[in-house]
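Remarks on the structure that follows.
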Amino acid sequence: MEFKINQEELLKGLSRTQSIVEKKNTIKILSNVLLKLSGKKLTIEATDLDVGIRGSYNAEVISEGGVTVDAKTLFEVVKQIPEGTSIHCKMKENYWLELLAGRSVFNLVGLSMDDYPEVPSFEGDAQWKIEPDVLKSMIDKTIFSVSHEDMRYNLSGVYMEMLEEGSRKKLRMVATDGHRLSLVDTDIDGDFPLSKGVGVIVPRKGLMEIRKILDEDDDTVGMRLEDNSLMIKKGNVNLVMRLVDGTFPDYKQVIPKSSDKSLVFSTEEFARTLRRVSVVSTDRIKMVKFHISTNLVEVSSESPDMGTAKEEISVQYSGDELEIGFNVNYMLDILNVVEEEKIKLMFLDESSPGEIRPLEDKNYFFIIMPMKI
Amino acid sequence: MPRDLVRSAFITPKLKKQKITGSRSVLHLDMDAFFAQVEQTTNPALRGKPIAVVGNKKRTVIVTSSYEARKHGVKTGMTMGEGTRACPDLIFVPGNNRKYIDTSVKIINVLKNFSPVVEVFSIDEAFVDITGSLRLFGGKEAIGNSIKKRIKEELNLTCSIGIAPNKLIAKLASDMEKPDGLVIVNDKDIPGLLEELPIEEICGIGKKTGKKLRTLGIETLGELGRYPASILKKKFGIIGERLHYMGLGIDESPVVPMGDENPAKSIGHSMTFPTDVDDREDINRYLLLLSGKVGRRARRHGCLGHTVSLYVRFSDFTGIGKRHTVENPVNLDNDIYSVASKILDTLEVDKPVRLLGVSIANLIYNGKQFPLFKNERRDFLLTDAMDNVKDIFGEDAVTYATVTEWPSEAGVISPAWRPNGPRRVDPK
Chain A
1 MEFKINQEEL LKGLSRTQSI VEKKNTIKIL SNVLLKLSGK KLTIEATDLD VGIRGSYNAE
61 VISEGGVTVD AKTLFEVVKQ IPEGTSIHCK MKENYWLELL AGRSVFNLVG LSMDDYPEVP
121 SFEGDAQWKI EPDVLKSMID KTIFSVSHED MRYNLSGVYM EMLEEGSRKK LRMVATDGHR
181 LSLVDTDIDG DFPLSKGVGV IVPRKGLMEI RKILDEDDDT VGMRLEDNSL MIKKGNVNLV
241 MRLVDGTFPD YKQVIPKSSD KSLVFSTEEF ARTLRRVSVV STDRIKMVKF HISTNLVEVS
301 SESPDMGTAK EEISVQYSGD ELEIGFNVNY MLDILNVVEE EKIKLMFLDE SSPGEIRPLE
361 DKNYFFIIMP MKI
Chain B
374 MPRDLVRSAF ITPKLKKQKI TGSRSVLHLD MDAFFAQVEQ TTNPALRGKP IAVVGNKKRT
434 VIVTSSYEAR KHGVKTGMTM GEGTRACPDL IFVPGNNRKY IDTSVKIINV LKNFSPVVEV
494 FSIDEAFVDI TGSLRLFGGK EAIGNSIKKR IKEELNLTCS IGIAPNKLIA KLASDMEKPD
554 GLVIVNDKDI PGLLEELPIE EICGIGKKTG KKLRTLGIET LGELGRYPAS ILKKKFGIIG
614 ERLHYMGLGI DESPVVPMGD ENPAKSIGHS MTFPTDVDDR EDINRYLLLL SGKVGRRARR
674 HGCLGHTVSL YVRFSDFTGI GKRHTVENPV NLDNDIYSVA SKILDTLEVD KPVRLLGVSI
734 ANLIYNGKQF PLFKNERRDF LLTDAMDNVK DIFGEDAVTY ATVTEWPSEA GVISPAWRPN
794 GPRRVDPK
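So the sequences go chain by chain: A and B. Read in order, the letters of the first sequence correspond to residues 1 to 373 in our numbering. Read in order, the letters of the second sequence correspond to residues 374 to 801 in our numbering.
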């Protein structure tokens, strides 16, 4: 196994693998990347058995074959090699990988490619397609609501299902951590292979990897569902991820039906107010209080150790006076991804779910549960 | 210069001096045969009779006996057989920890009326620094008597009180006229008091240390005080110096009030089972009981924990502990229970379990987030309702069905017991 490759090309391929390889090192070979040569291409694969990536890169193949080496080490080595350098790699006895670049020589410990788990490959056509910008926006609006709790396995990913509205088909993505919920719909081109109302849960880590490759170029994203895996194809990169094996809760039940109070805020100004007021809070979970009275919202926060902060916002409001508390980070997470200038905060009372939507109805909204004051 | 400024300039040095010499008045309260008395108070049929409080397990021993039983030679630590031999009419009463804890909390609340500086020393003992309250209540004796009177009136229990310049002597004093005693020891009385007192009488010198001291020819505390400190230090290390001061009746340790220390770092409960448990179902019930205690205490303090820890001690006294950090902090009984239970799943439990401990740490003091999903919200509201009932009717008023049927709570409460705060409760 021997090849020559440009530094930039190799670095691009390796950097895609860095967040996928196993960091805990429980199975040594999972912290390695697989370098495989076939035709005129170098294929780089990485997997932690839940998420896998395969990318192919232009290389001058001298002799075919493959080897696995530690992903982190190889990446760091290649990163230090000056741009534009041609790198010459060669497998030696006992899976050592010799790497020559300019006047540098590296010999890296490797393992046999025969022991590397197989990353399923994207075969056949995409079942449905989506534009990278659209998918990017969907992921951004949902991924922050995914639960970080490993106890809540069924919430550890974004729920995807298909809706039919007449002849139009929509892909819906929903995420929740039990305190807040994100929901976004979008038209899709093609066929989601599951029947209506049956969805899948895509793991957070896999979505983050998808999100990363979406920034690279404008190539359309092709998707497939197969054997409990979601497969993604974009340009020369394939991603595959094992779906979360769990039942997503009935999210429709928590969508409020009767929010009689509504406040309109400028997204940007509202976010700034929240950031200012929440400075005075030492806790890991920062609560802001909203005191709502006729045409006025008083946003405040306090901490016994630091003091208090208060800011008033003029709004149109004529209902009952009330006080309601929210986790400021949940609010800001939402405001960060809203593209529209104005948002509407709707709620029923201080212990029922609140709803945040763009003022002009769009294809997405958020639900946020208040905190006990 | 305004007049009171001039005056204050004269008063200050005196106050300062007082602080340095640390002339304190420390009160030690010790309930008389606490568990036995509580049983006699709650069950009139037992009054005036020799009773012994025992654990619920088969291999139990006598935890406390009433003074009627003590007259016949019944002693703590005897087996039930030994007890019956000493006093054929002895009535055995299984201990009820929850009752004792509830009573203890009430006693502490009485003490808090006299000074904010109350240190709970164990379930039936407490120190109170009354230095600042003397004038308010009319002196040491008056405070001692008022406390005794209130405990008698409100709880129908008797106690013994010692008042002295420090904790060491106060504890000694409370023991001098048991039961129902009140002993005041002043600075000048201390040397005379200690002179002839056998060394083991003082809190802090046990059998082992006592034996060692006797090999040095030290029999009484007076002798201990005169013994060269340097030799004690050589022989006992760091404790040597303390022993020397003990002999002199000097104890600088402050009365540390509960709740006034730094905010709690963790909240935990543990319990030794009456008999070792190996059925997972039973372990789970204990786990729920402990989680409920931890949760209740956390909610009371208005805090939640990001980290849940579980400690398991096995029948052979080996132990294993593990912690788990959750993204959203917990303080509901069920949430703590489910994390603790998950931790237990990851532990290898191949021997009978002797003790379980559950605690939460990484505490935050606000941030109770309403859950979004209905079933979780029900839990939240249910816990709230249970707390309200407990607030009104006492800690014993409502609990989980799986826990009520529990006949055998451990019979003994450890000296480390505290009604609240960060100290882990560790019944033996």
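Built from N, CA and C at the ideal position, the CB exists for glycine as well.
What's the C-alpha gap between leucine 660 of chain B and valine 731 of chain B? 8 Å
Out of A:Met208, A:Met369, A:Lys205, state which residue places its alpha-carbon closest to the alpha-carbon of isoleucine 255 of chain A. A:Met369
Anything in chain B within Cβ reach of histidine 179 of chain A, meaning under 9 Å, just list it in chain order. Asn701, Gln742, Phe743, Pro744, Leu745
Buried or exposed: which applies to alanine 418 of chain B, given that a residue is buried once 16 or more other Cβ atoms fall within 10 Å of its Cβ? exposed
For a cutoff of 8 Å on Cβ pairs, would you count proline 370 of chain A as touching chain B? yes
Between asparagine 154 of chain A and chain B, is any beta-carbon pair separated by less than 8 Å? No, asparagine 154 of chain A lies away from the interface with chain B (no Cβ there is under 8 Å from its Cβ).
Would you call the CB atoms of serine 310 of chain A and glutamate 321 of chain A closer than 8 Å? First, the amino acid is wrong: residue 310 of chain A is lysine here, not serine. Cβ distance not < 8 Å, so lysine 310 of chain A and glutamate 321 of chain A don't count as in contact.
Threonine 437 of chain B versus glycine 468 of chain B: straight-line alpha-carbon distance, rounded: 9 Å
DSSP beta-bridge partners of proline 358 of chain A: For proline 358 of chain A, the pairing in a beta bridge is given by DSSP as A:Ile343.
Would you list the one or two residues that DSSP bridges to aspartate 405 of chain B? DSSP output for aspartate 405 of chain B lists no bridge partner at all.
DSSP beta-bridge partners for phenylalanine 510 of chain B? Beta-bridge pairing links phenylalanine 510 of chain B to no other residue.
So who's on the other strand from glutamate 161 of chain A, going by DSSP bridges? DSSP output for glutamate 161 of chain A lists A:Arg172 as bridge partner(s).
Examine chain B for any beta-carbon lying closer than 8 Å to the beta-carbon of threonine 176 of chain A, and answer yes or no. Taking 8 Å as the CB threshold, threonine 176 of chain A lines the interface with chain B.
Around the C-beta of alanine 515 of chain B, are 16 or more other C-beta atoms found within 10 angstroms, so that it is buried, or is it exposed? exposed
Less than 8 Å between C-beta atoms, sequence neighbours within five positions excluded: which residues of the same chain meet that for leucine 296 of chain A? Cβ within range, chain order: Glu312, Ile313, Ser314, Val315, Tyr317.
For the segment 708 to 729 of chain B, which residues have a CB atom closer than 8 Å to at least one CB atom of chain A, in sequence order? Ser711, Val712, Lys715
When DSSP labels each residue in this structure, what does histidine 859 of chain B get in the three-state scheme? What is shown of chain B runs 374 to 801, which leaves residue 859 of chain B out entirely.
Note down the Cα distance separating lysine 532 of chain B from glycine 446 of chain B, rounded to an integer number of angstroms. The question names lysine, but residue 532 of chain B is cysteine in the sequence shown. Distance between the alpha carbons of cysteine 532 of chain B and glycine 446 of chain B: 21 Å.
Close Cβ partners of alanine 406 of chain B (< 8 Å) along its chain, the five nearest in sequence each way excluded: Thr437, Ser438, Ser439, Tyr440, Arg443, Pro552
Look at the alpha carbon of isoleucine 81 of chain A and the alpha carbon of methionine 160 of chain A, and state the distance between them as a whole number of angstroms. 42 Å
Decide yes or no for the touch test of the segment 328 to 346 of chain A against the segment 150 to 157 of chain A: beta carbon pairs closer than 8 Å, at least 3 of them. The segment 328 to 346 of chain A makes no contact with the segment 150 to 157 of chain A: fewer than 3 CB pairs, one atom from each, lie closer than 8 Å.
By the three-class DSSP mapping on this structure, what secondary structure does proline 780 of chain B have? Caution applies to proline 780 of chain B, whose pLDDT of 47 falls short of 50 and renders its modelled position unreliable; the value that the coordinates give is listed next. The answer is coil: DSSP assigns proline 780 of chain B none of H, G, I, E or B.
Compute every distance between the C-beta of lysine 261 of chain A and the non-hydrogen atoms of the ligand PLP, then say whether any falls below 7 Å. Annotation note on the ligand PLP: not contained in the displayed structure, which lists no ligands.
Classify glutamine 742 of chain B: buried if its beta carbon has 16 or more other beta carbons within 10 angstroms, exposed otherwise. buried
Reducing DSSP to helix, strand and coil, say where tyrosine 738 of chain B ends up. coil
Could you compute how far the alpha carbon of aspartate 361 of chain A sits from the alpha carbon of glutamate 340 of chain A? 10 Å
For tryptophan 128 of chain A, the residue or residues it bridges with in DSSP: A:Gly190, A:Met223
What does DSSP give as the partner residues of aspartate 70 of chain A in its beta bridges? A:Asn32
Give the range of the beta strand (DSSP E) segment to which proline 702 of chain B is assigned. 692 to 703
Closer than 9 Å by beta-carbon distance: list the chain B residues that pair up with valine 254 of chain A, in chain order. Leu745, Phe746, Lys747
Are any of the Cβ atoms in chain A nearer than 8 Å to that of isoleucine 737 of chain B? yes
Which residues in the same chain as cysteine 576 of chain B place their Cβ atom closer than 6 Å to its Cβ, once the five residues preceding and following it in sequence are excluded? Lys544
Any beta carbon from chain B within less than 8 Å of proline 249 of chain A's own beta carbon? yes
Secondary structure at phenylalanine 746 of chain B, three-state DSSP: helix, strand or coil? coil
On the CB-based measure, 16 or more other CB atoms within 10 Å of its CB, does alanine 425 of chain B come out buried or exposed? buried
Exposed or buried, which one is methionine 306 of chain A when buried takes at least 16 other CB atoms within 10 Å? With fewer than 16 other Cβ atoms within 10 Å, it is exposed.
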